[in-house]
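In what follows, a single structure is set out as structure tokens and then discussed.
Numbering (our numbering), first residue to last: 32 to 240.
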């Protein structure tokens with residue numbers, strides 16, 4: 032697929048956003064009374080409505096509504112699978128023939144790789160930020176491998192796709208630590224692929240370019 036990064040390695044963010052934004056959703060989380068209790072982000076990896084987000088985003092929700100870039104609202108039918116250690120969840124969205132993102136090859140996110148995140152910080156859907164992969168880290172306490180990224184993750188951005196220069200998913204934005212500076216972390220895409228394989232699921236082939 033052609034890169035949407037310019038030859039000098041400066042990101043063409045307009046092209047990246049135009050290509051990927053239709054596959055990214057604002058998730059509105061509601062309690063049993065239909066009251067909105069939180070918001071997050073998710074993205075499709077299948078035209079048939081297989082949506083990825085963080086497990087912690089959906090943990091307290093009774094009902095989940097996915098809002099598309101064009102304002103369309105899609106109910107979440109069910110939780111297909113989840114991985115609490117790596118903070119990943121797969122949801123089934125009610126829809127067909129929808130735009131979706133493809134996964135980057137496993138372990139392609141090297142230190143220094145330029146990345147972009149499309150998310151919904153504070154409910155502002157479709158917000159794009161950029162950065163690099165700062166490190167690949169092992170969190171021994173959580174027994175978890177993560178990507179440390181310089182692109183900011185804020186409230187509502189949890190579950191956002193972390194994208195490479197071709198708009199492929201190299202990670203899922205997960206959490207930040209405030210320790211003098213903001214440290215942002217994502218679950219690498221190989222953990223998502225492992226969750227898919229464990230449930231006999233395969234993401235669709237890449238979006239046409």
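The beta carbon of each residue, even a glycine, is placed where N, CA and C say it ideally should be.
If you're wondering where the values come from, they're calculated on a predicted model, not measured in any experiment.
Nearest-angstrom Cβ-Cβ length linking residue i and residue j, presumed shorter than 8 Å
i           : j           : result
residue 116 : residue 196 : So it is not a contact: roughly 29 Å between Cβ atoms.
residue 162 : residue 187 : Rounded, the Cβ-Cβ distance is 17 Å, inconsistent with contact.
residue 122 : residue 107 : 5 Å
Three-state secondary structure assigned by DSSP to residue i
i           : result
residue 88  : helix
residue 227 : helix
residue 218 : strand
residue 135 : coil
residue 54  : helix
residue 149 : strand
residue 76  : coil
residue 175 : strand
residue 127 : coil
residue 192 : strand
residue 202 : strand
residue 213 : strand
residue 98  : strand
residue 61  : strand
residue 182 : coil
Enclosing alpha helix (DSSP H) for residue i [first to last residue]
i          : result
residue 49 : 44 to 51
N- and C-terminal bounds of the beta strand (DSSP E) containing residue i
i           : result
residue 161 : 158 to 170
residue 106 : 104 to 114
residue 233 : Residue 233 -> no beta strand (DSSP E), and no H or E assigned at all.
Sequence-distant residues of its chain with Cβ nearer than 8 Å to residue i (five each side left out)
i           : result
residue 173 : 116
residue 194 : 47, 51, 132, 146, 147, 148, 149, 200, 201
Residue i burial status per 10 Å Cβ neighbour count (16 or more: buried)
i           : result
residue 208 : exposed
residue 118 : buried
residue 191 : buried
residue 101 : exposed
residue 231 : exposed
residue 170 : exposed
residue 239 : Residue placement at residue 239 is poorly supported in this model, since its pLDDT is 42, which falls under 50; the coordinates still yield a value, given next. Residue 239 comes out exposed.
residue 222 : buried
residue 184 : buried
residue 234 : buried
residue 59  : buried
residue 68  : exposed
residue 198 : buried
residue 142 : exposed
residue 38  : The predicted position of residue 38 is uncertain, since its pLDDT is 45 and thus under 50; a value taken from the coordinates is nonetheless stated next. Looking at its Cβ environment, which holds fewer than 16 other Cβ atoms inside 10 Å, residue 38 is exposed.
residue 65  : exposed
residue 224 : buried
residue 228 : exposed
Sequence-distant residues of the same chain with beta carbon closer than 7 Å to residue i, five excluded per side
i           : result
residue 214 : 179, 207, 208
residue 175 : 116, 117
residue 98  : 56, 57, 59, 104, 156
residue 217 : 177, 178, 180, 193, 202, 203, 204, 205
Cβ-based neighbour list, residue i, same chain, cut-off 6 Å, excluding 5 preceding and 5 following
i           : result
residue 87  : 118
residue 54  : 74, 75, 130, 131, 132
residue 94  : 61
residue 111 : 121, 123
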